[in-house]
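S.K.: Residues 455 to 863 (the numbering used here) make up the sequence shown, in order.
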Amino acid sequence: MKYFISLLLLLASFYSQARCESFPKDSIRLDKRGQLPGFMHNSYFEVSVGSINYPFSERLLEPGFQISSITVRHPAVRLVLLGTDINKYIAAQITYMRPVWWVNYKYRESGEAAATLYSRSVWMNIAGVVVKAKLPISSRVTLYSEGGLAIITRHGITHDNGSVVVKDMVAATTTFGAGAYYNLSDKWALQMAANYTSSIKKHTQPYTTYIGVGGKYSFRPFSEEKMQKAAHSGRIHPKQWVQIGVSTNLFGYNTNDILRKSYLFWGGGSEIRNGFIISYKRNLFHSPKVFAMDFGVNAAYWNTNKNREKFFGISVFPVFRINFLQNKLMDPYFFYTLGGPAFISRSLLDGIDTGKRFTFYDAIGLGAFLGVERRFNAEVKVAHYSNGNIFPENAGVKIPLTFCLGFCF
Numbered sequence: 455m456k457y458f459i460s461l462l463l464l465l466a467s468f469y470s471q472a473r474c475e476s477f478p479k480d481s482i483r484l485d486k487r488g489q490l491p492g493f494m495h496n497s498y499f500e501v502s503v504g505s506i507n508y509p510f511s512e513r514l515l516e517p518g519f520q521i522s523s524i525t526v527r528h529p530a531v532r533l534v535l536l537g538t539d540i541n542k543y544i545a546a547q548i549t550y551m552r553p554v555w556w557v558n559y560k561y562r563e564s565g566e567a568a569a570t571l572y573s574r575s576v577w578m579n580i581a582g583v584v585v586k587a588k589l590p591i592s593s594r595v596t597l598y599s600e601g602g603l604a605i606i607t608r609h610g611i612t613h614d615n616g617s618v619v620v621k622d623m624v625a626a627t628t629t630f631g632a633g634a635y636y637n638l639s640d641k642w643a644l645q646m647a648a649n650y651t652s653s654i655k656k657h658t659q660p661y662t663t664y665i666g667v668g669g670k671y672s673f674r675p676f677s678e679e680k681m682q683k684a685a686h687s688g689r690i691h692p693k694q695w696v697q698i699g700v701s702t703n704l705f706g707y708n709t710n711d712i713l714r715k716s717y718l719f720w721g722g723g724s725e726i727r728n729g730f731i732i733s734y735k736r737n738l739f740h741s742p743k744v745f746a747m748d749f750g751v752n753a754a755y756w757n758t759n760k761n762r763e764k765f766f767g768i769s770v771f772p773v774f775r776i777n778f779l780q781n782k783l784m785d786p787y788f789f790y791t792l793g794g795p796a797f798i799s800r801s802l803l804d805g806i807d808t809g810k811r812f813t814f815y816d817a818i819g820l821g822a823f824l825g826v827e828r829r830f831n832a833e834v835k836v837a838h839y840s841n842g843n844i845f846p847e848n849a850g851v852k853i854p855l856t857f858c859l860g861f862c863f
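What follows is the structure, encoded as structure tokens:
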């Protein structure tokens, strides 16, 4: 559920791009990619951090096991992946919430007081589709309330002998919330938020509460003056490019592990030894200097690290790109690929169940457009397949350093 917004963004942006006409070279309307697509003019996203709470208890344990302790750690993140202001008073949004650390269960098998103590985690996240009612009370402050549908995904616990300790679950319930914005500008606002997600008695799933603070960013179209200035800056923004790449664990998985431990990216239960990837990317939008959004497709052939199992994958994905420097010979950038719908030909890899064959592709890395006319491209990245916990089984696939070369046209 978390990732579906990426596909919506891609389809809407690609449609907007396809409708653009050609204009004379000296016209400011030459590069339609320099203006926000129309569908984004009233859109926004939010990020908040706070405290989550849910009264998990021994009631979730299946017969044959007894609880020793339950640890709930409260730090959590809540995202509005995409929101749209329908008018001044009504908005609709897609949300995602999860704890930073999972709930920990320590348990024993029943019948023996001195039995071995086991420690396992219960994973859980909440995706939502909600409608928000807003009440501006001044030029700076807006109050709001919200309500809608929530999808809870819970990955339970399986004992060493295969017995179920806590059941997996994917189920729908209701979610409600309230909060306030403090507007810093036309684009930026601070936020206080509180949310409640109802329990699901059928699955012994407790209610969830969240309190947090964060920020909101609203997309606004660029002014005509800014568009004119950008058009005469002489900067080159490549329209499309193809890449070939090679993945290898020759340098280990240190980069993957550092990013995972820093909560910047994900790891994976199954590891790739090496592989080959072909990609096509097309720019959909770029700001005058820094931000850009691209559309991409790739096809890859992989070899797992443990059992040398071979499989292939295909993906469609968005790329969010930060161009942090421009000079005469190169434009380096940081990029993040998030939630690209993907298909992998095998889901049981090296004896690890990674979930379904339908999954998502993510990547993070550095790249650059090279040459006076920016005809060449180079990137280095690490990547990952996972289903975003929309299915209970989600071990993930860890893809090591990948080196890519490309040609722009």
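Glycine is no exception: its CB is placed at the ideal position from the N, C-alpha and C atoms. The model shown is predicted, which means the values in this text are computed figures rather than measured ones.
Tell me the DSSP secondary structure of residue 682 in three-state form.
M.R.: The three-state reading of DSSP puts residue 682 in helix, counting H, G and I together.
S.K.: Would you tell me roughly how many angstroms separate the C-alpha atoms of residue 831 and residue 699, rounded to the nearest one?
M.R.: Cα-Cα distance, rounded: 11 Å.
S.K.: How many angstroms separate the CA atom of residue 683 from the CA atom of residue 485?
M.R.: Rounded to the nearest angstrom, the two C-alpha atoms are 13 Å apart.
S.K.: According to the Cβ coordinates, are residue 709 and residue 851 closer than 8 Å?
M.R.: no
S.K.: List, from N- to C-terminal side, the alpha helix (DSSP H) runs of 4 residues or more that fit wholly inside the stretch 709–791.
M.R.: none
S.K.: Nearest by alpha-carbon distance to residue 594: which of 579, 585, 561, 642 is it?
M.R.: 642
S.K.: Span of the beta strand (DSSP E) holding residue 610?
M.R.: Here residue 610 belongs to no beta strand (DSSP E), and DSSP marks it neither H nor E.
S.K.: Leaving out the 5 sequence neighbours to the left and right, which residues in its chain are closer than 6 Å to residue 578 when beta-carbon positions are compared?
M.R.: 608
S.K.: Is it a yes or a no for the stretch 552–560 touching the stretch 523–533, going by three-plus beta-carbon pairs under 8 Å?
M.R.: yes
S.K.: Which ranges would you report for the beta strand (DSSP E) in the stretch 629–706 if only whole runs of at least 3 residues count?
M.R.: Listed in chain order, they are 642–651, 662–672, 694–702.
S.K.: Is any heavy atom of the ligand COA found at a distance shorter than 7 Å from the C-beta of residue 804?
M.R.: Among the ligands in the structure shown, none appear at all, so the ligand COA cannot be discussed.
S.K.: For residue 576 and residue 610, which I take to be in contact (beta-carbon distance under 8 Å), what is that distance rounded to the nearest angstrom?
M.R.: 6 Å
S.K.: Would you check if the stretch 741–757 and the stretch 500–510 touch, i.e. whether three or more CB-CB distances between them fall below 8 Å?
M.R.: The stretch 500–510 vs the stretch 741–757: no contact.
S.K.: For residue 653, collect the residues of the same chain with a Cβ closer than 7 Å to its Cβ; drop the 5 residues on either side in sequence, then sort them by chain order.
M.R.: 659, 660, 661
S.K.: Can you grab the Cα-Cα spacing for the pair residue 784 / residue 622, in whole Å?
M.R.: 50 Å
S.K.: Since residue 580 and residue 604 should fall inside the 8 Å C-beta cutoff, what is the C-beta to C-beta distance between them, to a whole number of angstroms?
M.R.: 5 Å
S.K.: What separation, rounded to the nearest whole angstrom, lies between the Cα atoms of residue 479 and residue 490?
M.R.: Residue confidence is low: residue 479 scores 40 on pLDDT, short of 50, so the model does not pin down where it sits. Its coordinate-derived value is still stated next. If you draw a straight line from the Cα of residue 479 to the Cα of residue 490, it comes to about 20 Å.
S.K.: State the Cα-Cα distance for the pair residue 766 and residue 798, rounded to the nearest angstrom.
M.R.: 6 Å
S.K.: Would you mind giving the Cβ-Cβ distance between residue 583 and residue 606, rounded to the nearest angstrom? I have them listed as a contact below 8 Å.
M.R.: Contact flag wrong, Cβ pair sits at about 13 Å.
S.K.: My understanding is that residue 451 touches residue 721, with C-beta atoms under 8 Å, so please give their C-beta distance in whole angstroms.
M.R.: Past the edges of the chain, shown from 455 to 863, lies residue 451, and the structure says nothing about it.
S.K.: Give me the residue from 646, 676, 626 with the minimum Cα distance to residue 640.
M.R.: Of the candidates 646, 676, 626, 676 places its Cα closest to the Cα of residue 640.
S.K.: Can you tell me whether DSSP reads residue 863 as helix, strand or coil?
M.R.: coil
S.K.: Roughly how many angstroms lie between the CA atoms of residue 860 and residue 530, to the nearest whole one?
M.R.: 39 Å
S.K.: I need the straight-line Cα distance from residue 488 to residue 739, nearest angstrom please.
M.R.: 6 Å
S.K.: Whole angstroms are fine: how far does the CA of residue 732 sit from the CA of residue 473?
M.R.: Caution is warranted here: a pLDDT of 41 is assigned to residue 473, below 50, making its placement in the model unreliable, and no coordinate value can be reported.
S.K.: Would you mind working out which of 602, 570, 671 sits nearest residue 638, comparing C-alpha positions?
M.R.: Nearest of 602, 570, 671 to residue 638, Cα basis: 671.
S.K.: Taking the beta strand (DSSP E) that residue 577 falls in, what are its first and last residues?
M.R.: From DSSP, the beta strand (DSSP E) with residue 577 extends over 572–590.
S.K.: Can you tell me whether DSSP reads residue 438 as helix, strand or coil?
M.R.: A query on residue 438 cannot be resolved here, the shown segment of the chain reaching from 455 to 863 and no further.
S.K.: Do you know offhand how far residue 541's Cα is from residue 587's?
M.R.: 10 Å
S.K.: Starting from residue 552, follow the beta strand (DSSP E) in both directions and report where the run begins and ends.
M.R.: 544–553
S.K.: So the candidates are 786, 773, 804; which of them puts its Cα closest to the Cα of residue 795?
M.R.: 773
S.K.: Can the beta-carbon of residue 780 be found less than 8 Å from the beta-carbon of residue 674?
M.R.: No. Outside cutoff.
S.K.: Relative to the alpha-carbon of residue 744, which residue among 691, 792, 791 has its alpha-carbon at the smallest distance?
M.R.: 691
S.K.: Please decide whether residue 514 counts as near chain D, where near means a Cβ-Cβ distance under 8 Å.
M.R.: Considering every chain present, this structure includes no chain D. It has just one protein chain.
S.K.: Let me check understanding here. Comparing Cα to Cα, which of 519, 514, 527 lies closest to residue 507?
M.R.: 527
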